[in-house]
Structure formats: C-alpha cells, structure tokens
Amino acid sequence: MTAAAWQLPTLAVRAGQERSQFGEHGEALYLTSSFVFENAAQAARRFSGEEAGNVYSRFSNPTVSAFEQRLAALEGAEACVATASGMSAIMALVLAHLKQGDHIVTANSLFGATVQLFNNILTRCGITVSYVPLNDPAAWEAAITPQTRLFFLETPSNPLTELADIAALSAIAKAHDILLAVDNCFCTPILQRPLALGADLVVHSATKYIDGQGRVLGGAVCGPKHLTDEVFKYLRTAGPTLSAFNAWVLLKGLETLQLRMHAQSAAALELAQWLQAHPKVARVHYPGLPSHPQHALAQRQQASGGAVVSFEVRGAREEAWTVVDQCRLLSITANLGDTKTTITHPASTTHGRISAEARAAAGISEGLLRVAVGLEAVADLQADLDRGLALIPA
Ligand SMILES: *Cc1c(COP(=O)(O)O)cnc(C)c1O
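So, in structure tokens, the structure goes:
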C-alpha cells in the first residue's frame with residue numbers, strides 16, 4: 157500500500173480498508189459492541205492503552221476506524237475521529253478543547269443548531285461567544301479577548317453562500333494562539349481543504365454530502381493527532397460516537413463523493429446562471445457566479461462553487477411560498493447534500509426561530525429560497541421552479 161502517494165479519487169475508494177482473514181472485497185461491517193481478549197493480561201494492556209486494539213465500540217470499532225482513515229486521507233489530515241452526527245462533532249470539538257471562562261469568536265451566519273448549541277448549552281458551561289461578520293477578518297481580530305481559544309466558521313455560509321477567507325483568518329488565529337476550526341460540510345474535501353489553508357481542525361456533518369443519499373447521520377473532526385486525541389478522549393467518555401453501521405454506509409458514500417460533488421456543482425452553476433437571467437428573480441447567491449461579491453476568493457479557495465444556490469424572488473414570503481408549493485420534483489425539506497434536489501424557505505424554517513430583525517440583519521429576506529442541487533437533469537429542475545416563478549406577477 158502506498159496510500160500516501162495516491163490521488164484524491166483513489167483515496168476515496170481505497171484508503172482505510174484493512175481486509176480480514178476472509179479477504180472480503182467490500183468493507184466489512186463489524187456490528188459488535190465489544191471485543192474479546194486472549195487473556196487477562198491482554199485485556200489489561202488494551203484497557204491501559206499500552207497495546208493498540210479494540211476494546212468497546214464506544215472507544216473504537218474497525219468499520220468506524222476505516223471511515224476515519226478514509227476521511228482523514230481526503231482532508232489531508234493526520235487523524236480523524238468520527239461522531240454520531242455533525243452536532244456531536246461540534247460539541248465534542250468545543251468541550252474537548254475549551255473550558256469554563258473560555259471564549260469563542262464565530263460568524264453570525266452559522267448553522268441554526270450550532271447557534272443554539274453555543275447560546276443555550278455552552279453559555280451554561282461558562283463558555284462565551286462573540287458573533288462577527290463572516291467575511292470581515294478585521295472584525296474577527298477586534299473580537300479577540302485574552303480568553304479567546306477558538307475561531308469557528310462555516311464557508312460558504314448557509315443560506316447566503318458568503319465566504320470566509322480561511323488563510324487570512326488562520327494568520328490572525330496563529331498570531332494570537334487561537335485554534336481555527338472550519339465546518340467543511342458544504343464543500344467537503346473534494347472542493348475545499350481547510351487544513352491546507354491553515355485551519356487547525358475540520359468538522360463535518362457527514363449526514364450531508366458524505367452520505368449524500370439521505371440515509372444516515374454522522375459527523376467527524378479531522379486534524380493533527382494531538383488535537384483529535386483530545387476529541388477522542390471526550391467521545392470515549394461522553395459517548396456520542398459513530399455507529400458501525402453508519403460508518404459502513406458513510407464509507408460507501410465517500411467512494412462516490414468526488415463524482416457527486418463535481419456533478420452537483422456543475423448542475424448548480426447551470427441552475428444559478430439560469431436563475432440570474434430569470435425575470436422573476438431579483439438576486440442569486442452563488443460563489444461560482446462572477447456576480448458573487450467574493451467570486452475571486454471562491455476561485456482561490458474552492459475547486460468550484462458548490463451545490464447550494466440561493467435566490468430571491470421578486471416579492472416576499474407569498475411569492476417565495478408560491479415557488480415552493482408549485483414544486484413537484486424538488487423535495488420541500490430543509491436537508492441538503494442529497495442526490496435529490498431540495499428546496500427550502502429559510503425565513504420560515506431553518507431561520508424561523510430567530511427574530512425578524514436579526515433575520516433582516518443577517519440578510520435573510522422573506523423572498524429568499526435555498527436550493528441544494530442534486531443529480532437530476534437541470535432542465536427538469538428549471539421546469540419545476542419555472543412553474544411557480546411564472547405565477548409571480550411581473
Ligand atoms: C447539518 C449541518 C450540521 C449538523 O449536522 P447533523 O449531522 O445534522 O448533526 C452542522 N453544520 C452544517 C453546516 C450543517 O449543514
């Protein structure tokens with residue numbers, strides 16, 4: 157095995173697999189909660205960590221390890237620890253590396269549940285959070301206090317596809333001895349590799365593109381071993397580890413991730429161009445369009461614009477809901493990352509719990525719709541959206 161020299165497509169299919177005595181071609185699924193030792197002395201060595209090997213599936217499992225190694229290889233990370241969901245990856249990262257009194261700087265455009273975790277749970281642990289504009293590195297620097305331990309961000313953001321300059325924020329974080337963690341859910345390592353741009357840790361909701369077919373929940377934290385080891389220690393004790401079955405599904409997801417990301421991104425670009433020319437569309441948010449305010453950064457930082465396109469219809473909630481309600485092909489759901497295209501109205505769903513003022517300040521208008529493009533024919537997606545758009549008064 158010369159895994160170190162393999163290119164991304166090869167790693168996606170081959171990395172991390174260790175065959176058992178049976179010589180299986182596909183990855184084995186080890187559905188076992190615990191592991192048996194040869195004798196008492198070996199049990200003692202395994203428990204103390206003196207001997208490497210599996211003990212109990214809350215600690216490690218061979219199928220989960222294969223997924224961890226494959227994802228680490230794709231992210232260019234030394235190590236990876238898998239978690240039960242994307243949220244447990246974020247929680248594990250924070251609780252493994254921060255303590256009472258510490259401070260996080262993050263962006264005000266953040267996945268909704270991450271905001272809830274930070275505001276409602278971490279604050280109870282005495283960890284404070286400041287929110288700054290994602291695309292303004294000076295604001296991140298200005299928010300630093302002597303207690304700041306972590307910069308946390310997603311790029312591109314959901315749903316407006318704003319970008320953070322990972323390299324610029326990494327330079328600021330390093331100068332102040334702060335960890336930089338990037339939620340790479342939207343791009344996946346196929347389109348963006350945050351560690352190569354200077355991030356310390358990458359988190360994933362594997363539920364999205366890594367599975368990519370809407371089946372299971374999962375998450376991961378990738379980075380240098382000395383940082384992921386702390387996350388492992390937290391997980392082993394606190395328990396939100398990835399199940400072997402989900403790891404097995406996600407391993408298969410990784411095999412086609414490259415094909416799916418490129419195909420879905422190409423379709424998203426085509427759809428974004430069509431929307432931009434549509435008379436009933438006021439504005440399109442997509443990093444792959446030259447009209448995106450950070451298009452140059454997107455070209456530097458990402459292999460393509462990604463598969464999420466947001467757009468504002470001419471009108472407000474009523475007109476946006478008309479487009480949603482006319483959809484027969486697109487799935488009306490807040491999930492994303494699937495081969496089946498999804499449509500959501502953020503102001504009344506994913507961002508419905510925040511105040512109207514906060515929503516307006518975040519730029520999430522009543523006319524905004526988010527489409528996470530899948531693998532259907534673009535012409536069919538256009539026809540589905542056009543049915544509703546046609547009903548909006550000129
Ligand atoms: C979905 C999502 C999460 C949370 O992941 P789960 O697997 O649903 O827990 C975190 N970050 C981003 C950007 C997401 O889209």
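Letter by letter, the sequence shown follows residues 157 to 550 of the working numbering. For each residue, glycine too, the CB sits at the ideal point set by N, CA and C.
Quick one: Cα of residue i to Cα of residue j, how far?
i: L167; j: L306; result: 30 Å
i: R202; j: N210; result: 7 Å
i: T505; j: E468; result: 16 Å
i: Q272; j: A454; result: 28 Å
i: Y390; j: V338; result: 19 Å
i: S286; j: T279; result: 11 Å
i: G354; j: Q429; result: 32 Å
i: A171; j: E318; result: 32 Å
i: A376; j: V261; result: 21 Å
i: G232; j: T344; result: 12 Å
i: I548; j: V437; result: 10 Å
i: F516; j: P443; result: Sequence inspection shows Ala at residue 516; the Phe mentioned does not correspond to that position. The straight-line gap from Cα to Cα measures roughly 21 Å.
i: T304; j: G395; result: 27 Å
i: T500; j: T489; result: 6 Å
i: P435; j: E180; result: 56 Å
i: P380; j: L309; result: 18 Å
i: A535; j: A452; result: 28 Å
i: I510; j: E194; result: 56 Å
i: D481; j: L545; result: 11 Å
i: K255; j: A229; result: 30 Å
i: M157; j: A459; result: At M157 the pLDDT is 46, less than 50, meaning the model places this residue with poor confidence; the figure from the coordinates comes in the next sentence. The straight-line gap from Cα to Cα measures roughly 28 Å.
What does DSSP give as the partner residue(s) for residue i in the beta ladder?
i: A376; result: A238, H360
i: S286; result: V261
i: Y212; result: S190
i: F308; result: T262, A337
i: I488; result: I499
i: A528; result: V464, T498
i: R201; result: Bridge partners of R201: none, in fact.
i: R439; result: E468
i: T563; result: The question about residue 563 has no answer here: the residues shown for the chain are numbered 157 through 550.
Is residue i a contact residue of ligand 1, with contact defined as CB to any heavy atom under 7 Å?
i: T505; result: no
i: E468; result: no
i: D333; result: no
i: G395; result: no
i: M243; result: yes
i: C236; result: no
i: E102; result: Shown here, the chain extends from 157 to 550; a query on residue 102 therefore has no answer.
i: S361; result: yes
i: A269; result: yes
i: G409; result: no
i: E318; result: no
i: G530; result: no
i: E475; result: no
i: K364; result: yes
i: N264; result: no
i: L413; result: no
i: E373; result: Position check: residue 373 holds Leu in this sequence, whereas Glu was assumed. Yes, Cβ of L373 sits closer than 7 Å to a heavy atom of ligand 1.
i: E310; result: yes
i: D339; result: yes
i: F223; result: no
i: N217; result: no
Based on Cα-Cα distance, which residue from the options lies nearest to residue i?
i: E174; options: Y212, L187, D292, R226; result: R226
i: E206; options: S213, A512, A197, S241; result: A197
i: R439; options: D481, G257, K364, V465; result: V465
i: S421; options: A171, A533, I246; result: A533
i: L119; options: P315, A320, V261; result: What is shown of the chain runs 157 to 550, which leaves residue 119 out entirely.
i: I300; options: A324, S313, D333, G471; result: D333
i: T284; options: V250, N314, S265, E310; result: V250
i: S176; options: Y212, T219, F193, S190; result: T219
i: I322; options: T344, Q348, Q303, L316; result: Q348
i: A324; options: L445, Y442, S313, W296; result: W296
i: T239; options: L541, T304, V372, P446; result: V372
i: A331; options: L316, N275, T311, P302; result: P302
i: P293; options: L336, Q256, A459, L486; result: L336
i: S189; options: W162, S213, A199; result: S213
i: L431; options: I346, L525, M417; result: L525
i: H418; options: Q450, F274, H448, L531; result: L531
Is it true that the CB of residue j sits closer than 8 Å to the CB of residue i?
i: L185; j: Q414; result: no
i: K408; j: G493; result: no
i: G374; j: L398; result: yes
i: L187; j: F401; result: yes
i: T498; j: A528; result: yes
i: A269; j: M247; result: no
i: F223; j: L427; result: no
i: E474; j: A503; result: no
i: A424; j: G461; result: yes
i: A550; j: N264; result: no
i: D542; j: L485; result: no
i: A208; j: H360; result: no
i: V169; j: E411; result: yes
i: I520; j: P315; result: yes
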